[in-house]
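Beneath this line is the structure, given in structure tokens, with notes to follow.
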Amino acid sequence: MYILVLGGTGAMGVPLVRILSGQNNVVYVTSRKAHTSGDDRVKYLQGNALDRKFLLECLSLCQWDAIVDFMVHPLHEFEEVVPFLLGHTKQYIYISSSRVYAETPGKISEDTPRLLDVSEDAAYLATEEYALAKAREENVLRNSGHMNYTIVRPYITYNTYRLQLGTLEKESWLYRALHGRTIVFSKDLVDKQTTMTLGDDVSKGIASLIGKEQALGEAFHITCDKPMSWGEVLSVYLKVLEQHSGGRKVPVLLTEKSTNLVFPWKRYQLLYCRYFNRCFDNSKISRFCDVQEFTSPEAGIAQCLHSFLEAPRFGAVDWYIEAVNDRVSGERTPLHEIPSLRDRINYLSYRYRLLGYCLYPVKAFLGIVKKICKKG
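Residue numbers for the sequence shown follow the numbering used here, so the first one is 1 and each next one is one higher.
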């Protein structure tokens, strides 16, 4: 088969390409960065698949047997390109998210109501928050008049370079630990049940759906079948870090509420996702792949953290989060760790609650910042 993977260089895309090429498919992968391939069956197309011109060029290369779409589309742009996506392939696989589901007691099935359909929070529904955006794009597919699509709803995926703790990416908890500062987590999340799935296993599930007529017009979540509490996840991380440091315990501060509630743009991920207990009924995807063979989350996240610690590599640190976590823990990030003047000012503003000083003349505000910088 000839398969096009849009944005296939992430936690799910990389293993999916490996699986598909290993099945003797020819796989084309879009990426904004240049890549080389040692496999004649894998070909990289450099460009942004959100750019209409580039996307149409990719689609016109052939009549694809399958397209797997990992891109995060703005809704209005998705509505415009869906006819082209569906028209150039036998099967379009849209990567949605299990964040679309509303809170439900017990296990979640693919028929569990979605937040978009049952939420009564008018302010929330007026946003394009991730769960709502994905649900609206699912609706675009269902209303397209075509049936050659399959909706995939992963939940929290992890690999060596993506290790989450609640709403925190590794840059907001592991970075602190490796720089000798306290991990800041919260009591409101520690007992919540979550389901974490190795990216490779999600990719196995996606691959099992490709070319299957029974999967057309259907939605599937692909998750591990064993939930954990966030407190248990944290315990696994701490055990690995203690082993890595030769027995030194990493300090942890549990606040009453998540510090991410401070940020309006992060609140909904807490309120309408991480505060929900997420356990899944996997019987539907089990007709195509054996979820019993998926990696145990305890073993998987431990192994991924061990691998990360062998060659640590962090992405961009969110200095707003770092500042608030330093404030509640009574710690301070040395300013030489913070790469730009803008980031330093943002950090100092949130760390020392200087936002009120913005009402003062700029010269006075910069004078305060200068005094703090000298201490750094």
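We put the beta carbon where it would ideally sit given N, CA and C, even for glycine. Fair warning: this is a prediction, and the values are worked out from it, not measured in the lab.
Range of the contiguous beta strand (DSSP E) that encloses residue i
i    : result
A219 : E218 to H221
I156 : I156 to Y158
Spatial distance of residue i from residue j (CA atoms)
i    : j    : result
R52  : I338 : 36 Å
K33  : N159 : 20 Å
I206 : S96  : 12 Å
I345 : V328 : 18 Å
A302 : V236 : 6 Å
G247 : I19  : 38 Å
T295 : C289 : 13 Å
N172 : E213 : Looking at the sequence shown, residue 172 is not Asn but Ser. Cα-Cα distance, rounded: 42 Å.
T9   : S31  : 7 Å
D225 : S349 : 43 Å
K249 : L132 : 40 Å
G356 : S245 : Reliability of the predicted coordinates at G356 is poor, the pLDDT of 49 falling under 50, and the value obtained from them is presented with this limitation in mind. Taking the straight line from one Cα to the other gives about 41 Å.
R351 : V317 : 15 Å
G106 : S37  : 44 Å
L354 : H179 : 25 Å
E79  : V29  : 22 Å
V240 : V184 : 17 Å
K134 : W265 : 17 Å
V5   : L341 : 38 Å
L165 : C304 : 14 Å
Y44  : L59  : 14 Å
D121 : T195 : 25 Å
H306 : E57  : 41 Å
S203 : V291 : 12 Å
H146 : F70  : 20 Å
K284 : E232 : 27 Å
N139 : Y2   : 27 Å
L50  : G211 : 25 Å
T112 : C279 : 12 Å
Y272 : L115 : 8 Å
V190 : P251 : 16 Å
L86  : D188 : 43 Å
Y347 : A323 : 5 Å
H336 : V118 : 48 Å
S21  : V262 : 45 Å
Residues bridged to residue i (per DSSP)
i    : result
Q193 : S229
F185 : L254
V152 : I95 and F220
I108 : F280
L165 : L168
Burial state of residue i (16 or more Cβ within 10 Å)
i    : result
D326 : buried
H88  : buried
W64  : buried
N260 : buried
Q46  : exposed
L359 : Bear in mind that a pLDDT of 38 at L359, under 50, signals an unreliable position, so the number given afterwards is only what the model happens to contain. Per the 10 Å Cβ criterion, exposed.
C62  : exposed
V362 : Confidence in V362 is poor, its pLDDT being 44 and thus under 50, which makes the residue's placement too unreliable to answer from.
N378 : It is not possible to answer for residue 378, since the shown part of the chain is limited to 1 through 376.
T333 : buried
F276 : buried
G199 : buried
A364 : Residue placement at A364 is poorly supported in this model, since its pLDDT is 49, which falls under 50; the coordinates still yield a value, given next. A364 is exposed by the Cβ-count criterion.
Q193 : exposed
R274 : buried
A177 : buried
Q91  : buried
R181 : buried
Q269 : buried
N-terminal and C-terminal residue of the alpha helix (DSSP H) that residue i is part of
i    : result
V118 : L115 to V118
Y2   : Per DSSP, Y2 belongs to no alpha helix (DSSP H); it is in the beta strand (DSSP E), Y2 to L6.
R327 : W319 to S329
E207 : Per the sequence presented here, residue 207 reads as Ala, with Glu not at that position. Note, A207: alpha helix (DSSP H), G199 to L209.
P297 : P297 to E310
I338 : Here I338 belongs to no alpha helix (DSSP H), and DSSP marks it neither H nor E.
N260 : It is not in any alpha helix (DSSP H) - N260 carries neither H nor E in the DSSP assignment.
N143 : That residue, N143, is in no alpha helix (DSSP H); it is neither H nor E in DSSP.
L178 : L174 to L178
A122 : A122 to L125
Residue i beta carbon near the ligand NAP (any heavy atom closer than 7 Å)
i    : result
A311 : Although the ligand NAP was asked about, the structure shown includes no ligands whatsoever.
Point to revise | Ordered list of beta strand (DSSP E) runs contained in the stretch 16-101, each at least 3 residues | key: 26-31, 42-46, 66-69 and 92-95
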